[in-house]
Amino acid sequence: MPQQTPGATARVLDWFGVDTDWERVPADPARAYRRDVWLGALYVGVTVLGTELARSIGYFEQGDVPAWGLYLLAAAGAAPLMWRRRYPLVVLVVAYAQFLAVGLTVPMVTQVVPLQVAYFVAMFSAVAWARDRRAMLLVVGGAVLVMFVWLAWQFAVGSGVQEVVDQMNPDGGRPGLISPAVALVAHNWLFNMAYFFGAVAAGQLRWHAARRQDQLAAQAATIERQAAELQRQAVVTERLRIARELHDVVAHHVSVIGIQAAAARRLLTRDPEAAAGPLATIEGESREAVAQMRGLLGTLRGADDGGAPAEPAETRAPEPVLADIPRLADAAGDSDGGLDVVVRVVEEPAGAAADVPGPVGHSLFRTAQEALANVRKHSTARSASVVVRVDRRPVSSRAPDGDRFPHGYAEVEVLDDGRPRGGSSGTGLGLLGVRERVATHHGVAEVGPRATGGYRVRVRLPLPEDHA
Numbered sequence: 026m027p028q029q030t031p032g033a034t035a036r037v038l039d040w041f042g043v044d045t046d047w048e049r050v051p052a053d054p055a056r057a058y059r060r061d062v063w064l065g066a067l068y069v070g071v072t073v074l075g076t077e078l079a080r081s082i083g084y085f086e087q088g089d090v091p092a093w094g095l096y097l098l099a100a101a102g103a104a105p106l107m108w109r110r111r112y113p114l115v116v117l118v119v120a121y122a123q124f125l126a127v128g129l130t131v132p133m134v135t136q137v138v139p140l141q142v143a144y145f146v147a148m149f150s151a152v153a154w155a156r157d158r159r160a161m162l163l164v165v166g167g168a169v170l171v172m173f174v175w176l177a178w179q180f181a182v183g184s185g186v187q188e189v190v191d192q193m194n195p196d197g198g199r200p201g202l203i204s205p206a207v208a209l210v211a212h213n214w215l216f217n218m219a220y221f222f223g224a225v226a227a228g229q230l231r232w233h234a235a236r237r238q239d240q241l242a243a244q245a246a247t248i249e250r251q252a253a254e255l256q257r258q259a260v261v262t263e264r265l266r267i268a269r270e271l272h273d274v275v276a277h278h279v280s281v282i283g284i285q286a287a288a289a290r291r292l293l294t295r296d297p298e299a300a301a302g303p304l305a306t307i308e309g310e311s312r313e314a315v316a317q318m319r320g321l322l323g324t325l326r327g328a329d330d331g332g333a334p335a336e337p338a339e340t341r342a343p344e345p346v347l348a349d350i351p352r353l354a355d356a357a358g359d360s361d362g363g364l365d366v367v368v369r370v371v372e373e374p375a376g377a378a379a380d381v382p383g384p385v386g387h388s389l390f391r392t393a394q395e396a397l398a399n400v401r402k403h404s405t406a407r408s409a410s411v412v413v414r415v416d417r418r419p420v421s422s423r424a425p426d427g428d429r430f431p432h433g434y435a436e437v438e439v440l441d442d443g444r445p446r447g448g449s450s451g452t453g454l455g456l457l458g459v460r461e462r463v464a465t466h467h468g469v470a471e472v473g474p475r476a477t478g479g480y481r482v483r484v485r486l487p488l489p490e491d492h493a
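To get our numbering, take the position in the sequence shown, counting from 1, and add 25.
Structure, rendered in structure tokens:
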């Protein structure tokens with residue numbers, strides 16, 4: 026069904042904010058209301074002064090109201106402004122009731138310039154500050170209607186028009202294209218329309234500006250909250266990454282230490298000197314594990330301190346990269362009873378492995394570390410192979426992988442020929458960390474048992490163009 030265009034009435038009601046949930050109130054109501062009282066009182070003094078100035082130039086010569094009466098009538102018209110923002114509609118009703126009452130008895134008082142400004146401000150404030158927009162439309166519309174009815178009545182029954190025309194044009198001629206009496210009436214109607222509708226339009230525009238400002242402030246607060254939430258999520262994500270790093274470090278080194286400790290225990294009774302090798306490996310692995318965990322925990326503490334590192338950078342070991350993978354094989358097979366690991370590096374062209382970016386190499390190192398740790402803990406295998414492949418050949422030489430890895434790839438594959446060891450199932454966090462690393466680099470992973478026996482972990486990550 027096509028969307029219907031709202032009618033003129035609906036557009037007017039929408040422009041005036043009818044049925045909106047937003048209400049305009051001062052940012053600090055108590056302070057704003059006190060300020061209105063002081064400014065309103067000051068303006069009452071200005072109105073009284075303006076009345077005296079008008080009296081001094083003979084403005085009220087034809088009346089018989091005493092001076093104090095004129096002051097009182099003028100002050101009564103300006104005094105309601107002291108509550109213009111607290112009770113805007115009440116102020117409008119009181120001010121225009123005073124205008125009608127004084128206009129019927131002492132009309133010259135309502136023509137004093139400060140009072141004319143006061144009536145304008147009362148109308149403006151009612152439109153700009155009324156919280157109930159439907160009530161505002163009724164009160165303001167009624168006030169404007171009454172004013173124009175009063176103006177029409179004055180022209181209909183009064184003799185002031187002809188008196189003004191005779192005074193301004195004593196010769197009785199016709200100075201312009203329009204009759205002087207018609208021109209005077211039209212001029213007064215135009216002036217009053219500009220006066221009243223100008224006050225309404227100015228008040229409504231100010232109301233819209235205040236609403237837009239409030240909406241912008243709310244949007245800024247929302248953006249600030251979202252930025253804080255994104256920052257918090259970034260911290261949580263970083264801590265999860267660090268937790269995975271800790272899992273990889275602890276799983277690898279503790280597995281090696283356990284295997285070496287078992288070998289040393291068996292050798293101590295038969296050949297104490299031969300036990301020195303496994304014990305040395307335990308010492309080295311424990312130191313390296315402590316160094317890596319200190320670095321990771323230092324990063325975690327730095328995140329709590331707003332990013333400041335907990336320790337000097339030179340005391341933290343650099344993150345392992347692709348070239349460190351052979352060290353995993355040495356650690357796994359250093360002792361009797363250890364895992365026999367063979368590492369092979371295949372690179373096209375020669376030297377391509379040295380150009381693998383640090384983050385990619387680090388992810389592949391952690392993948393190999395986690396895979397070997399799982400072999401030691403969960404498999405009966407006595408040997409495993411680690412193949413590192415780095416391919417920088419042209420796309421046409423690597424089909425069908427050219428479309429997915431247009432700038433080459435780096436890969437690590439860990440294979441073993443054992444069977445799952447009973448009662449040794451893990452938490453699965455290690456392999457979850459492997460898959461998350463692959464997703465981060467937009468690579469591919471193959472993790473699972475082999476058809477010929479054993480287990481395969483193969484991860485291939487794309488290389489960026491700037492390292493080609």
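Even glycine gets a Cβ: it sits at the ideal position worked out from N, Cα and C.
Between which two residues does the beta strand (DSSP E) holding residue i run?
| i | result |
| --- | --- |
| A103 | Premise fails: A103 lies in the alpha helix (DSSP H), A92 to A103, not in any beta strand (DSSP E). |
Near residue i, which residues of its chain fall below 6 Å by C-beta distance, leaving aside the five closest residues on each side in sequence?
| i | result |
| --- | --- |
| E438 | V412 and R483 |
| A396 | V439 and V482 |
| L304 | A289 |
| W47 | R236 |
| L114 | A151, A155 and V164 |
| A79 | V137 |
| S496 | Any question about residue 496 goes unanswered here, given that the chain covers just 26 to 493. |
| R462 | S388 |
| E471 | R483 |
| R475 | R481 |
Going by DSSP in three states, residue i sits in which element: helix, strand or coil?
| i | result |
| --- | --- |
| V171 | helix |
| P351 | helix |
| W481 | For clarity, residue 481 is Arg in the given sequence; the question names Trp instead. Residue state, collapsed to three classes: strand. |
| V264 | Looking at the sequence itself, residue 264 is Arg, so the reference to Val does not match. Here R264 sits in helix by DSSP. |
| Y84 | coil |
| L364 | coil |
| P445 | strand |
| P512 | Because residue 512 is not part of the residues shown, which for the chain are 26 to 493, the question remains open. |
| D44 | coil |
| M133 | coil |
| M26 | Residue confidence is low: M26 scores 47 on pLDDT, short of 50, so the model does not pin down where it sits. No coordinate-derived value is stated. |
| E344 | coil |
| A305 | helix |
| E254 | helix |
| V281 | helix |
| Y112 | coil |
| G223 | helix |
| D24 | Nothing can be reported for residue 24: it is not among the residues displayed for the chain, which extend from 26 to 493. |
| D239 | helix |
| L202 | coil |
| G32 | coil |
| R291 | helix |
Per DSSP, residue i is paired with what?
| i | result |
| --- | --- |
| V463 | Paired residue(s): none; V463 is not in a bridge. |
| A369 | First, the residue type needs correcting, since residue 369 is Arg and not Ala in the sequence shown. Its beta-bridge partners are V412. |
| L486 | A435 |
Need the endpoints of the alpha helix (DSSP H) that residue i sits in, please.
| i | result |
| --- | --- |
| V437 | Careful: V437 lies outside any alpha helix (DSSP H), inside the beta strand (DSSP E) at Y434 to D441. |
| V472 | Run containing V472: none in the alpha helix (DSSP H); it sits in the beta strand (DSSP E), V469 to P474. |
| M148 | V138 to W154 |
| V400 | G383 to H403 |
CB-CB under 7 Å to residue i, same chain, minus the five flanking residues each way: which ones, in chain order?
| i | result |
| --- | --- |
| W63 | none |
| F221 | M148, V169 and M172 |
| H387 | E344, P345 and V346 |
| V468 | The sequence as given places Gly at residue 468; Val does not occur at that position. Same-chain partners within the cutoff: V484, R485, L486 and P487. |
| G88 | V131 and M133 |
For residue i, which residues in the same chain have their Cβ closer than 8 Å to its Cβ, ignoring the five residues on either side in sequence?
| i | result |
| --- | --- |
| V295 | It is worth fixing the name first, because residue 295 is Arg in this sequence and not Val. Cβ neighbours of R295 beyond the five flanking positions: none. |
| R110 | P51, A57, Y58, D61, S150 and W154 |
| Y68 | A103, L106, P139 and A143 |
| G383 | E344 and V346 |
Notebook entry, point to check: If you pair each beta-carbon of the region 464-482 with each one of the region 431-448, do three or more pairs fall below 8 Å?
Noted result: Yes, the region 464-482 is in contact with the region 431-448.
Check: Is it a yes or a no for the region 69-77 touching the region 129-141, going by three-plus beta-carbon pairs under 8 Å?
Finding: The region 69-77 vs the region 129-141: in contact.
Check: Should the region 222-232 be called in touch with the region 144-161, which here means at least 3 C-beta pairs below 8 Å?
Finding: Here the region 222-232 lies against the region 144-161, with 3 or more beta-carbon pairs under 8 Å apart.
Notebook entry, point to check: Counting pairs of Cβ atoms below 8 Å between the region 114-133 and the region 87-102, do you hit three or more?
Noted result: Yes, the region 114-133 is in contact with the region 87-102.
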